[in-house]
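Enquirer: Residue numbers (the numbering used here): 863 to 1113.
Every residue gets a Cβ at the ideal spot worked out from N, C-alpha and C, and that includes glycine.
Sharing a structure here in structure tokens format.
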Amino acid sequence: APGFAPNWIWLSPEGRHVLFTASMGQVGRGEPDKAPLHLFHRELDAPALPLGEFLEAGRVSRPWPGLPQTVGVRSVSVAPGARGSAPFTAAWEATLDPAQGAGNADIFWTSLPAANAPRSLRATIQAALPSATAPGHSLLGAKPLDNAGAWLAIESSAHLAGEVPSPFRQIYLQAVGKPGATLVSAAPDGTPGDGPSFAPLLSANGNAVVFQSWASNLAPGDSNTNTADLFLHDRIAGTIELVNAGLPQAP
């Protein structure tokens, strides 16, 4: 389309797949510049589609039956696959249509090239916890996917693991393609952190999560309560370590 300029773009390691975010107007439908963004996928060596078909078939974030309806993509992360080639996993954060109820953001993920509808964090958690209320605000971590696209690190205020409700945002690990989430920012007795946790980064193999937290009950040695600390969660061992232990801390 004339003047096309995507807002975000990703090229797969083997150079065959492109993901990008753009408004429908940027791709060719004349929407205003501030129109909501959508996520598109294009396989570069596949036959080109007419614009109308591409706007539907190539739009990964299009409305899917049975999924919460969204009004715009906000951020995207991609796992390039175990060997740097398709299929690869894409996850994105999206603003929900206000009619969806509590919470104004949800997270979606899918395997590309897409053969099936994406999965929704909200729908996945409600399937695992039928008695749970609709999840609230959920955000992707700073580096939310491992290289294989098997795990997703999430920052959320929505009690995704069915834990005792907490007023603070917590960190979770969601196994891609499976129901249920694991609370990462948990004290040794399993209770949620007693302060907000944020900015999780997932290791390449998905076995470790580093995150920041104001909580004081996550690990021994955390004596300060008026500043955030850095924590390391070992997914295999199920432990949390205070990374900045022994370093000068604010009183």
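#1: Mind checking whether residue 935 and residue 901 have CB atoms under 8 Å apart?
#2: Specify the secondary structure class of residue 1030 as computed by DSSP and reduced to three states.
#3: Taking C-beta to C-beta, are residue 1003 and residue 1016 nearer than 8 Å?
#4: Starting from the Cα of residue 1083, find the closest Cα among 928, 913, 1102 and 978 and give me that residue.
#5: Can you grab the Cα-Cα spacing for the pair residue 872 / residue 1054, in whole Å?
#6: Take every Cβ of the segment 1058-1074, pair it with every Cβ of the segment 1026-1035, and state whether three or more of those distances are shorter than 8 Å.
#7: Could you tell me the distance, in whole angstroms, from the CA atom of residue 903 to the CA atom of residue 971?
#8: Which residues does DSSP list as the beta-bridge partners of residue 971?
#9: Using the C-alpha atoms, what's the distance from residue 1107 back to residue 899?
#10: Under the three-state reduction of DSSP, which class applies to residue 996: helix, strand or coil?
#11: When DSSP labels each residue in this structure, what does residue 960 get in the three-state scheme?
#12: Helix, strand or coil: which one does DSSP assign to residue 986?
#13: To the nearest angstrom, how far is the alpha carbon of residue 941 from that of residue 910?
#14: Kindly indicate which three-state DSSP category residue 919 falls into: helix, strand or coil?
#15: When burial is assigned at 16 or more other CB atoms within 10 Å of the CB, is residue 906 buried or exposed?
#16: Please work out which residues of its chain come closer than 6 Å, Cβ to Cβ, to residue 1039, disregarding the five sequence neighbours upstream and downstream, and give them in chain order.
#17: Under the DSSP definition of a beta bridge, which residues are partnered with residue 1074?
#18: Once the 5 residues before and after residue 1095 are set aside, which same chain residues still bring their CB inside 6 Å of it?
#19: If you draw a straight line from the C-alpha of residue 925 to the C-alpha of residue 984, how long is it?
#20: For residue 918 and residue 1042, I'd like the C-alpha separation in whole angstroms.
Expert: According to the structure data:
#1: yes
#2: coil
#3: Their beta carbons are under 8 Å apart, which means residue 1003 touches residue 1016 by this criterion.
#4: Considering only alpha carbons, the answer is 1102.
#5: 35 Å
#6: yes
#7: 13 Å
#8: When DSSP reads this structure, residue 971 sits in a beta bridge with 953 and 981.
#9: 42 Å
#10: Low local confidence applies: a pLDDT of 49 at residue 996 is under 50, so the model's placement there is unreliable, with the coordinate-based value given in what follows. In the structure shown, residue 996 sits in coil (DSSP, three-state: anything other than H, G, I, E or B).
#11: helix
#12: Residue 986 carries a helical assignment under DSSP once its states are collapsed to helix, strand and coil.
#13: C-alpha separation (whole angstroms): 25 Å.
#14: helix
#15: If you draw a 10 Å sphere on the C-beta of residue 906, you find fewer than 16 other C-beta atoms in it, and that means exposed.
#16: none
#17: 1060 and 1092
#18: 1046, 1071 and 1102
#19: 15 Å
#20: 31 Å
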